[in-house]
Every structure is written in C-alpha cells, then in structure tokens.
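Chemist: One structure, pasted below without further comment.
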Amino acid sequence: MMPGSLPQTGQTKRRFSWPKGMPQIIALLLVLAVDSLVAPHFFQIVLQEGRLFGSPIDILNRAAPVALLAIGMTLVIATGGIDLSVGAVMAIAGATAASMTVAGHSLPVVLLVSLGAGALAGLWNGILVAVLKIQPFVATLILMVAGRGVAQLITSGQIVTFDSPPLAWLGSGSLLLLPTPVLIAAATLLLFWLFTRKTALGMFIEAVGINIRAAKNAGVNTRIVVMLAYVLSGVCAAIAGIIVAADIRGADANNAGLWLELDAILAVVIGGGSLMGGRFNLLLSVVGALIIQGMNTGILLSGFPPELNQVVKAVVVLCVLIVQSPRFISLLKGVRGRDKT
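So the sequence shown is numbered by the working numbering: it starts at 2 and just counts up by one.
Okay, structure coming up:
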C-alpha cells in the first residue's frame with residue numbers, strides 16, 4: 002500500500018464559522034430586499050438641490066438618532082449594565098437646545114450646554130451604578146422617569162419652537178450630498194471607535210464586563226470605567242436629542258426620544274452584543290440600528306399599521322435572546338459534538 006493511500010485518521014474536520022459581522026450584513030440585505038418587494042422603486046436614488054433623495058437615504062437619515070443611542074448603549078452594555086434613560090436624556094438635551102436658542106444664545110454655547118447636560122445625566126447614572134452600587138436597571142429607570150419631568154420644567158410644559166437656520170441645519174441640512182444627521186452619526190462612530198480601539202479604554206470596558214472583580218485585581222479603576230461609559234452614553238443621547246430638535250425646529254419634552262431606549266438596546270443585541278457584558282462592536286450596533294429602521298420602513302411601505310413595529314421588534318428580541326441564552330448555546334454545542342462523532 003502506498004503511503005499516500007493510508008487513511009488520514011489524524012485529520013480533523015474544519016468547523017464552519019461565519020465571518021465576523023456577516024450574519025448582520027445578510028440580515029440587513031434581506032430586510033432591504035423585502036422592502037424592495039413592497040416598493041418597486043425602493044432603491045431609486047435621485048439628486049435634487051445638491052442632496053440625494055430616496056428610500057435608502059431616508060433609512061440612513063431616520064436611523065441616525067437610534068444609531069447614536071446604540072453607540073453609547075454598546076459601551077454601557079459591554080460593562081454589564083444597561084441605560085434606560087437615553088430617551089429622557091434626548092428630551093433634556095433637545096429642550097435645553099431649543100430653550101437656549103429662543104433665549105438668543107449663540108450656536109456654540111447652545112451645543113456646549115446641551116452636550117454638557119447629557120454628560121451630566123450620564124455622570125448621575127454612573128455614580129448611582131459605580132459608586133452607590135445600585136442595579137443599572139433601577140438606577141437608569143430613575144432618570145428615565147424623572148428626566149422627562151426635567152425636560153418639561155425646562156420648557157415650562159410647552160412645545161418650544163425656534164427659528165435658527167444654523168441649528169436647524171444639524172437636523173435637516175445636507176453636506177456632501179448626504180443628510181447632516183447621517184454625517185454626524187458617522188463622525189461619532191469614527192470618533193468613538195478610535196477612542197475605544199486605539200486607547201486602552203475599550204480593553205478596560207471589556208474587562209469590566211467579563212469579570213469586574215478580576216479587572217479590579219488587575220489594577221483597572223472599575224468605577225471610573227463604568228462612570229465613563231455612562232457619561233459617553235449620555236453624550237450620545239444628547240447629540241441625538243439635538244438632531245431631533247433641530248429637525249423639527251422645536252422641543253417636545255413629552256415625545257422626544259420616547260421608547261427609543263428599547264430600539265437602542267435592540268440594535269446592540271442585533272449587532273451581536275451580549276447583555277451579560279464583555280466584547281462589543283460599535284459598527285455592528287449601528288448596522289443593528291439600520292436593520293431596525295429598515296423593518297420600520299418596510300412595515301410602513303406595506304400599508305400595515307405602525308403599531309405592528311412593536312410586535313415585530315418584540316419577536317426579534319425574543320429570537321435573539323433565545324439564541325444568546327446559555328441553554329441554547331449548550332444544546333448547540335451538544336449537537337455539534339454528536340456531529341463530530
């Protein structure tokens with residue numbers, strides 16, 4: 002028998018695995034494909050008045066606020082926490098921006114104070130979680146409820162409108178053929194990616210989420226890391242709130258960012274983030290936001306009532322949580338083990 006004909010019993014079968022991010026990309030393409038079936042001209046993009054228009058551009062534009070929330074939410078979830086207050090922080094930042102604009106303050110001052118309000122809200126959450134050791138769900142639920150009251154106090158319970166073209170441009174303007182919110186979200190994503198991947202912050206966040214006690218023993222200041230994650234989440238929510246207020250040229254403290262915290266959490270989960278904490282991917286969280294907006298657009302184009310959005314999102318959340326559950330993972334490993342034998 003020739004050596005080449007001997008059975009190669011030492012070789013093991015290579016296990017197939019998806020490239021990182023491929024399931025999310027395929028899901029986004031499938032959602033867009035379904036949207037194109039209900040709207041024949043879905044992918045048609047036209048150039049008018051120096052700006053691109055079309056359903057894909059509209060999805061990018063409308064997904065920008067949720068994408069911003071998802072960027073900050075990703076960092077918080079990676080620490081093993083949750084931030085239910087981002088919608089209320091949006092309302093606070095929008096109310097601050099609108100009220101200060103009406104009062105005659107300049108745009109730089111308006112933006113600085115509004116972003117500062119978001120950072121302060123995030124710091125409040127961070128202190129409750131990292132210093133006072135309150136459960137993140139309860140700690141951020143406090144600001145979720147009280148935050149809208151704060152926003153209404155800022156606006157005196159009224160819908161505040163303003164006429165400021167520079168501020169309005171941030172929500173409804175365009176640059177380089179694209180809507181301004183899209184570029185703001187993209188710039189924020191790039192900045193946060195550099196901040197978390199080109200410095201030690203990203204590694205510290207993942208270490209805290211995986212095992213906070215081990216991270217503390219390794220010399221990581223876990224309190225500062227957790228607090229910084231919530232501050233960054235507050236800043237992202239403030240940016241989203243400014244964009245929404247600029248788009249409608251006003252601040253509605255009752256409805257601004259209402260329930261968007263759930264969309265942000267869903268976007269992170271769809272992007273592969275684990276609610277148990279640990280490794281994170283900002284880009285895939287943004288892809289998750291695009292998937293959510295793609296589903297919303299498809300439902301509207303299909304003529305179904307908008308309320309169906311909540312049902313679809315709930316089903317998606319349930320499916321993703323089942324896939325991420327330890328029981329499902331153990332069953333999947335058991336099936337793979339039997340396949341090998």
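Where a beta carbon is used, it is the ideal one built from N, C-alpha and C, also for glycine.
1. Identify whether Leu179 lies in helix, strand or coil by the three-state DSSP scheme.
2. Please determine, among Val77, Phe205 and Phe44, the residue with the shortest C-alpha to C-alpha distance to Met277.
3. Give the range of the beta strand (DSSP E) segment to which Phe205 is assigned.
4. Determine the extent of the alpha helix (DSSP H) in which Val146 is found, giving its start and end residues.
5. Could you give the DSSP three-state label for Ala254: helix, strand or coil?
6. Does Val139 have its Cβ less than 7 Å from a Cβ in chain D?
7. Is the beta carbon of Gly158 closer than 7 Å to that of Ala257?
8. Going by DSSP, what residue range makes up the alpha helix (DSSP H) through Gln294?
9. Using only alpha-carbon positions, find the residue among Leu284, Arg198, Asp84 and Thr97 that is nearest to Leu129.
10. Measuring only the C-alpha atoms, how far is Gly82 from Met91?
11. Give me whichever residues DSSP pairs with Leu53 in a beta bridge.
12. Can we say the region 319 to 331 touches the region 284 to 295, given the rule of at least three CB pairs closer than 8 Å?
13. Are there 16 or more other CB atoms within 10 angstroms of the CB of Val146, so buried, or fewer, so exposed?
14. In the DSSP assignment, find the unbroken alpha helix (DSSP H) run with Val227 in it and report its ends.
15. DSSP state of Thr162, grouped into three classes?
16. Nearer than 6 Å: is that true of the beta carbon of Asn212 relative to any heavy atom of the ligand ADP?
17. What does a CB cutoff of less than 7 Å around Ala265 pick up in its chain, not counting 5 residues either side in sequence?
18. Within the continuous alpha helix (DSSP H) that includes Leu108, where are the two ends?
19. Excluding the 5 residues preceding and the 5 following Leu177 in the sequence, name in chain order all residues of the same chain whose CB lies nearer than 8 Å to its CB.
20. Mapping DSSP to helix, strand and coil, what is Thr75?
21. Determine the burial state of Gln311: buried for a count of at least 16 other Cβ atoms within 10 Å of its Cβ, exposed for fewer.
22. Under 8 Å by Cβ, that's how I've got Gly272 and Leu285 pegged, so tell me the actual separation to the nearest angstrom.
23. Would you please state the rounded distance, in angstroms, between the beta carbons of Ser344 and Arg52? I believe it to be under 8 Å.
24. Does the separation of the CB atoms of Arg280 and Ala169 fall below 7 Å?
25. If you count every other CB in all the chains shown that lies within 10 Å of the CB of Phe138, and 16 or more means buried, which is it?
Modeler: Based on what the coordinates show:
1. strand
2. Val77
3. Segment Leu202 to Ile211 is the alpha helix (DSSP H) holding Phe205; no beta strand (DSSP E) there.
4. Pro137 to Thr156
5. coil
6. You won't find chain D in this structure, because it holds only one protein chain.
7. no
8. Leu283 to Ser303
9. Asp84
10. 19 Å
11. Leu48
12. no
13. exposed
14. Thr223 to Ile249
15. strand
16. This structure lacks the ligand ADP; in fact it carries no ligand of any kind.
17. Val67, Leu70, Ala71, Met74 and Val87
18. Leu108 to Gly127
19. Leu184
20. helix
21. exposed
22. 4 Å
23. Outside the modelled stretch of the chain, which goes from 2 to 342, sits residue 344, for which no answer is possible.
24. no
25. exposed
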